[in-house]
Every structure is written in C-alpha cells, then in structure tokens.
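Counting in my numbering, the sequence shown runs from 503 upward without gaps.
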Amino acid sequence: MTEPSATGKIAIAAPPEKVYALVSDPGALAGMSEEYEGHRWVGTAEGAAVGAKFRGRNRNGIRRWSTLSTITDADEGRRFAFEVTTVAGLPVARWQYDIEVSDDGCVAVESTWDRRPGWLRGPTSLFTGVWKRDDANRANIAATLARLKAAAES
C-alpha cells in the first residue's frame, strides 16, 4: 500500500480496547468527525465486522452527500479500516485507525488514502466544496483525534 495522503497520531491515556470501541462504532465516530455525521448499516450488518457495509452521511457547511463504506479490517484493539465508495461504486478513499500499546495507554494513528480517479477529483471537489482534500483531511484528522482522546480519557 502506498503512503497515506493524510495522517495524524495522538497519545491517549486509555486502553487500546476502549479506543478501538470508539473508532469501530460508526455512530461514535460521527460524533468526533468533522465531515462524517452519521450512518446506517446496509443489508444484514449490525456492527463492525469485516465485510459489513454502512451508508455514511457527510456534510461540509450546506453541502451534504452520502457514501458507501465496506469494513476491511476489524482487529479489536489494533486496527479498524474501511473502504469508501460513491453510491455508484466509484472509489473514494480508505480510512484506517491503527492503535499501538504504549506505557501510558496507547497511540492512535488515523490515516486516509485518496482513492478517487483523477477525472473524479474535480466533480467531487465541486460537490463537497473541498478543493484541497489532503489539506482538509489533515485538519479533520487532527480535530477527530483530539475528540477521540477526550472521549477515551473521560
């Protein structure tokens, strides 16, 4: 896998299992995220398991859009990841949360890979209002990780 297009990390004074429980719950994650604001499970999915799908609701100001995500990694206490596509099935991104044990709890790393084909970047930027996606994702990751730390340590 290539290097992520945006990433960030933070030390958290909480057990890895608690941090994993937060990032692997799309509902909890929506409360910590900048653009992602909610989900509904698709098909028979009821929780975070490899292969489970959820429809994500996203927003940027007055702009709103939906995506379809498929969970690819669900290694409790270590890694949670999902691939995001448009509702038409075009690749958008991969989001991944890696959790490493530390002396004081753990370190959480949030990363994303922009998977959009070149021709799709202009239309999606126009639709979402985000023209510098990597810069926006770095800022969003920093905000999400700060909220994750606060939630896990409370």
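No residue lacks a Cβ here, since even glycine has one placed at the ideal position from N, Cα and C. None of the values given here were measured: they were computed from a predicted structure.
If you compare alpha carbons, which of the options is closest to residue i?
i      : options                           : result
Thr646 : Gly579, Ala576, Ser613 and His541 : Ser613
Asn639 : Ala654, Ile514, Trp615 and Lys651 : Trp615
Trp567 : Asp575, Thr574, Ile573 and Gly558 : Gly558
Ala464 : Ala610, Ser507, Ile643 and Arg635 : There is no way to answer for residue 464, as the model of the chain reaches only from 503 to 656.
Tyr599 : Trp633, Leu628 and Ile573         : Ile573
For residue i, which of helix, strand or coil comes out of DSSP?
i      : result
Gly540 : strand
Leu570 : strand
Arg580 : coil
Val603 : strand
Ala551 : coil
Would you mind reading off the limits of the alpha helix (DSSP H) that contains residue i?
i      : result
Pro625 : Gly620 to Thr630
Gly510 : First-last for Gly510: Ala508 to Ile514, but that is the beta strand (DSSP E), not the alpha helix (DSSP H).
According to the Cβ coordinates, are residue i and residue j closer than 8 Å?
i      : j      : result
Ile601 : Tyr522 : yes
First and last residue of the beta strand (DSSP E) that includes residue i?
i      : result
Glu612 : Gly607 to Asp616
- Message: Contact between the segment 616-624 and the segment 521-541 is defined here as three or more beta-carbon pairs at a separation below 8 Å; is this criterion met?
- Response: no
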